[in-house]
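Peer 1:
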Amino acid sequence: MSDLKKLFTEKAELVSAKVTSIKSMDEAFAYAAKYVAAKSPCELLIPSSPDAVQPEFSDEKILAAPELSDDQYAALAKACEGTSVKLIKSGMRGYMAGIDAGFTIADGGLCDTGSIVQQSNGEELRLATMVSETHIAVLSVSSLYEDSIAAEKLLLDLMDGVAYTAFITGPSRTADIERTLAIGAHGPLELHILLLED
Amino acid sequence: MHNANNLKEYREDMQEALDNEFLRKSMDAFAVGYRINRAKAFADINEPVLIKQIADCKDYAVKNNAALLKQFTEEAEKRGVHVHLAKDAEEANALIAKIAKDNNVKKIIKSKSMTSEETLLNHYLEDEKYEVVETDLGEWIIQMRHEGPSHMVMPAIHLSRYQVQDLFSARTGRELEPDPEKLTKVARQELRRDFADADMGISGANFCVAENGHIGIATNEGNARLTTTAPRIHVAIAGIDKLVPKLTDALTALKVLPRNATGQTLTSYVTWIGGANECAIAEDQKKEMHIVFLDNGRSKIAEDEMFSQIFRCVRCGACANVCPVYRLVGGHKMGHIYIGAIGLILTYFFHGEEKAKNLVHNCINCGACKSICAGGIDLPGLIKELRARINQDSGMPIETTLLGKVLKNRKLFHSLLRFGKWAQTPMKKGPYLRHLPLMFMKDQGFRSFPTIADKPFRDRFSEIKPMVHNPKHRVALFSGCVQDFVYPEQMEAAVKVMARHNVAIDYPMEQSCCGLPVQMMGEKQVTIDVAKQNVDAFEGTNCDYIVTLCASCASHLKESYVELLEGDRDYKEKVKRFSAKIIDFSSYVHDVLGVTTDDFNKSDEKVAYHSSCHLCRELKVIEQPRNLIDMAGEYAPSAEEDVCCGFGGTFTVKFPELSSTLLDKKLTNIEATKAKRLVADCPGCLLHLRGGSNVRENGMKVTHIAELLAENLK
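For the record, the sequence lines run as chains C and B. Okay, so the first sequence: first residue is 394 according to my numbering, each after it adds one. Okay, so the second sequence: first residue is 51 according to my numbering, each after it adds one.
1) Run the proximity test for residue 241 of chain B: is its beta-carbon closer than 7 Å to any non-hydrogen atom belonging to the ligand GDP?
2) Closer than 8 Å by C-beta to residue 549 of chain B: which residues in its own chain qualify, once you throw out the five before and the five after it? Chain order, please.
3) Helix, strand or coil for residue 551 of chain B, going by three-state DSSP, please let me know.
4) What's the C-alpha gap between residue 640 of chain B and residue 303 of chain B?
5) So for residue 57 of chain B, helix, strand or coil by DSSP?
6) Check each candidate in B:105, B:281, B:115 and B:762 and name the one with the smallest Cα separation from residue 337 of chain B.
7) On a CA-only basis, which of B:59, B:612 and B:604 is nearest residue 662 of chain B? Give me that one, please.
8) Taking a cut of 8 Å between CB atoms, which residues from the stretch 322–340 of chain B lie near chain C?
9) What ranges does the alpha helix (DSSP H) occupy inside the stretch 498–553 of chain C, keeping only unbroken runs of at least 4 residues that lie completely in it?
10) I'd like the ranges of any beta strand (DSSP E) spanning at least 3 consecutive residues and lying wholly in the stretch 302–367 of chain B.
11) Using 8 Å for Cβ pairs, my map puts residue 347 of chain B next to residue 128 of chain B. What's the rounded Cβ distance?
12) The beta strand (DSSP E) with residue 414 of chain C in it runs from where to where?
13) Do residue 716 of chain B and residue 656 of chain B have their C-beta atoms closer together than 8 Å?
14) For residue 585 of chain C, which residues in chain B fall below 7 Å Cβ to Cβ?
15) For residue 696 of chain B, does the count of other Cβ atoms within 10 angstroms reach 16, so buried, or fall short, so exposed?
16) Verify the CB distance criterion: does residue 405 of chain C have a CB-CB separation below 8 Å to chain B?
17) Go through the stretch 216–298 of chain B residue by residue and report every complete run of the beta strand (DSSP E) that reaches 3 residues or more, in order.
18) Using a Cβ-Cβ cut-off of less than 9 Å, list which residues of the stretch 197–209 of chain B approach chain C; keep chain order.
19) Taking Cβ-Cβ distances below 9 Å as the criterion, which residues of the stretch 507–519 of chain C are in contact with chain B?
20) Which one or two residues does DSSP pair with residue 457 of chain C in a beta bridge?
21) Name the chain C residues that come within less than 9 Å of residue 295 of chain B, Cβ to Cβ?
22) List the endpoints of the continuous alpha helix (DSSP H) containing residue 423 of chain C.
23) Note down, in chain order, each residue of its chain lying with its Cβ closer than 6 Å to the Cβ of residue 265 of chain B, except the 5 sequence neighbours on either side.
24) Under 6 Å Cβ to Cβ from residue 600 of chain B, same chain only, skipping five residues before and after it: list those, please.
25) Whose Cβ in chain B lies nearer than 8 Å to the Cβ of residue 564 of chain C?
26) Specify the secondary structure class of residue 585 of chain C as computed by DSSP and reduced to three states.
27) CA-CA distance, residue 404 of chain C and residue 540 of chain C?
28) Going along chain C in order, which residues have a C-beta closer than 7 Å to the C-beta of residue 264 of chain B?
29) Any idea if residue 160 of chain B is buried or exposed, counting beta-carbon neighbours within 10 angstroms, 16 or more meaning buried?
30) Could you name the residues of chain C that residue 281 of chain B contacts, counting a contact when the two beta carbons are closer than 7 Å?
31) Fully enclosed by the stretch 625–658 of chain B, which beta strand (DSSP E) runs are 3 residues long or longer?
32) Please classify residue 34 of chain B: does DSSP put it in a helix, a strand, or coil?
33) For the structure I just gave you, are there three or more beta carbon pairs, one from the stretch 558–570 of chain C and one from the stretch 310–318 of chain B, closer than 8 Å?
34) Out of B:647, B:470, B:193 and B:218, state which residue places its alpha-carbon closest to the alpha-carbon of residue 500 of chain B.
35) List the residues of chain C that residue 129 of chain B touches, going by C-beta distances under 9 Å, in chain order.
36) What do you reckon, are the CB atoms on residue 629 of chain B and residue 642 of chain B nearer than 8 Å?
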């Protein structure tokens, strides 16, 4: 294992991210489909407002993958075939109450903190990664940087023009009640990072 | 929020906090846990280098603020952002209310922002009939309780899970469990509706990057990401001090901010927003984005040579995390809106002298905040200066003026001390005072006071001055008033230890009090006058070192004198020579004389150590005293050795309740080592620790480290 990959894995796991090595995107799609199918149903579904689309309380589990290319989306859809997973790529405002998982491809990784860097210019992507109970992100080993300073050029490029960029480090958390760590304050309760050897 | 009208009312407020058992326990657990987590988070980090980089960047940003604001505005406008500059809180609030009105807004969600706390934005918007919902869990809790934050990073740290349980049960109409994880999920469900329904999201900004017009927001909960995504309008409010030139500057500060705040390497989310992003529910599919920069006196402070350094603050709250006084009373009593050490200062500038005048006295000057500040701000130094400014504006309290008058005249001061020896006779009980004269007695019973010695050190010196031929160096002693008149035996012990090593020792008779007590009281001119007296007293001695046995004197003589006198042409060079020679006793004996175990008969006595604030933090003397103890006895480490004992000179007189509580903690930790001997390097600490031990009747022998060494000399 390369030093950067090892360091990234170590640091990301320290902040409760689940890191898995994969060899291809197909492996990533299979991972997501299998994970969501096996996942216990979304526990926090609530209707957001009377006007909003009411969530379907059913056995169907929702996986959102907003910014994949057509080929990638088709491959993921194929992986979900025959499972209880419903794959969507848009209409996230109808699911503000919550979905099971959001699937994304990260732009970079910061090893010293175990963070993923994700340009989130699209609103669908931002919502998918926030209202999901689990965020599954694919991260290429070739886009790992020692730290944010080393990634400066990538970051400046991502922030060029009108942009919305995120560093995501582990699942959403809080310690506001008696300093007791609680996972999943407003965002995902789990962050799965699929480290892609490329 | 701090609303006491005078020091008496403020003391009553603090007693209320001291009586809050939950708060005390919770803050203790936090203080201890924080230290451990922070140390882990900084394990791979070159802390001084990073802090220097942050300080340099922020100093540059303050000096070039107008240019950075212009550059940021251009970059942000290119990206479709409306940029506003508000001169004060009222203007900022009105601007934001107008944006809401123009856009037919009904519901507003907020992600945590200290700047909006500063302007009391929620109150303003609520008065304008908008529904405002805080979405950070801690902020939401205190919003429901109609309180302000008690910590900059953990706003509801003063509340128990049971209080939150009651609050959430009342809101949801369900009987909830007091489980922080379950309660957090309740907040997630409740607030999700608000995210979906709100028309406008208000956030703060940790950084405003001029080179690309981006703001950066650090959160753990992810609420900022939702606040800035779901509603069709986003308004960010930021002090103009949040401007930095480049992205790397923000990235550098981000390395320290979460580590210093909570001991995390990075918060779960750092959100960089540059422009009016995509928004499906907006008419043109674009979010309307505004940034309101708040001045509120900042550009004026930026011109103040001394205070402009407060803009190095990155709002990590670490100065509160390590403050022994904050730990006792919490943020509602240790600040107005901004809390902790930086809060005492910001209150003065943002909320006025009236709000700050009591708060500024609540600094014990232990230096813990300064040693941990992410921007390297001299927080205790600035608080001392604020006391002077407030005194100047509002008139000096009578006792301060009197002490100042006395200290300016060495002969009068020393005569009074000598007179004290006779005046105290009816009150003596062994080496302690049985009763104190009325003016000193109030609430000071937690600690016995020492009596003034029969013969001060200055009158004994000629008898004990060692005869030395061909000395290896010449030392002049600085005794400070306490060791001269109360504990001359400590000085004698030091002379005995040094005399073994062929050192010529001198004691200049014209020396006086170092001046720190009057500086703490805010008497600047007297502080300068006394400093000149002492520099003059030592100018003629032709010594190699000036040794002092008092950590506070040493740090004041070494660090503050140069600053105090650098503007005076006659003293500029003299004071540099003077300060360069100052050395504390332990460092002199350990590093310069190079004593070894061969100099001592090592005893098997267990000896605990109190690491005096001014020695370990101001002068960074850590190993020397501990090594010396181990040469003469068995060093017994105790918990929180370097946390302040609660003396703090004038602090113990102004806030006896706090001072005695800190002393109790300290002595409890020391008693736990089972040592029956305690040493320290500072007569002030020793006075406090010895007096407290006497009241507790714990049988502790409390002495200066010099006495331990002298007793065990071969």
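Ideal placement from N, C-alpha and C gives every residue a C-beta, glycine not left out.
Peer 2: Once the coordinates are examined:
1) Among the components of this structure there are no ligands whatsoever, and the ligand GDP is therefore not found.
2) Here the set comprises 516, 518 and 555.
3) In the structure shown, residue 551 of chain B sits in coil (DSSP, three-state: anything other than H, G, I, E or B).
4) The alpha-carbon atoms of residue 640 of chain B and residue 303 of chain B are separated by roughly 38 Å.
5) Helix.
6) When the alpha-carbon of residue 337 of chain B is set against those of B:105, B:281, B:115 and B:762, the nearest one is in B:281.
7) Residue B:604 is the option with its Cα nearest to residue 662 of chain B.
8) Interface annotation for the stretch 322–340 of chain B against chain C: 322, 323, 324, 325, 326, 327, 328, 329, 330 and 331, criterion Cβ-Cβ distance under 8 Å.
9) Runs found: 516–524 and 545–551.
10) Within the stretch 302–367 of chain B, the complete beta strand (DSSP E) runs of at least 3 residues fall at 319–324 and 338–344.
11) With 8 Å as the limit, residue 347 of chain B and residue 128 of chain B do not qualify as a contact, their Cβ atoms being about 30 Å apart.
12) For residue 414 of chain C, the enclosing beta strand (DSSP E) has its first and last residue at 411–415.
13) With a cutoff of 8 Å on beta-carbon distance, residue 716 of chain B and residue 656 of chain B are scored as not near each other.
14) One finds nothing in chain B with a Cβ atom closer than 7 Å to the Cβ of residue 585 of chain C; even the nearest lies about 15 Å away.
15) By the neighbour-count definition (other C-beta atoms within 10 Å, threshold 16), residue 696 of chain B is a buried residue.
16) Cβ-Cβ to chain B under 8 Å: no for residue 405 of chain C.
17) Runs of the beta strand (DSSP E) spanning 3 or more residues and lying entirely within the stretch 216–298 of chain B occur at 250–253, 257–259, 264–269 and 283–289, in chain order.
18) Within the stretch 197–209 of chain B, the residues whose Cβ lies closer than 9 Å to some Cβ of chain C are 204, 205, 206, 207 and 209, listed in chain order.
19) Cβ proximity to chain B below 9 Å picks out 507, 508, 513, 514, 515, 516, 517 and 519 from the stretch 507–519 of chain C.
20) Partner(s): C:481 and C:495.
21) At a C-beta separation below 9 Å, residue 295 of chain B has no neighbours in chain C, since its nearest C-beta there lies roughly 13 Å away.
22) Start and end: 418–431.
23) Only 255, 258, 286 and 323 meet the Cβ criterion.
24) So the qualifying residues of the chain are 530, 732 and 733.
25) What residue 564 of chain C touches in chain B, judged by beta-carbon distance under 8 Å, is 318, going in chain order.
26) Residue 585 of chain C: strand per DSSP, three-state reduction.
27) Roughly 12 Å between the two C-alpha positions.
28) Within chain C, the residues whose beta carbon sits less than 7 Å from that of residue 264 of chain B are 552, listed in sequence order.
29) Classification of residue 160 of chain B: buried, given that the 10 Å Cβ count is 16 or more.
30) What residue 281 of chain B touches in chain C: nothing, since even the nearest Cβ is about 11 Å away.
31) With a minimum length of 3 residues, the continuous beta strand (DSSP E) runs that stay inside the stretch 625–658 of chain B are 632–634.
32) Absent from the structure is residue 34 of chain B, since the part of chain B shown begins at 51 and ends at 764.
33) The stretch 558–570 of chain C vs the stretch 310–318 of chain B: in contact.
34) With distances taken between Cα atoms, residue 500 of chain B lies closest to B:470.
35) Going along chain C in sequence order, the residues near residue 129 of chain B (Cβ under 9 Å) are 554, 555 and 556.
36) Contact annotation: residue 629 of chain B and residue 642 of chain B have beta-carbon atoms that are not nearer than 8 Å.
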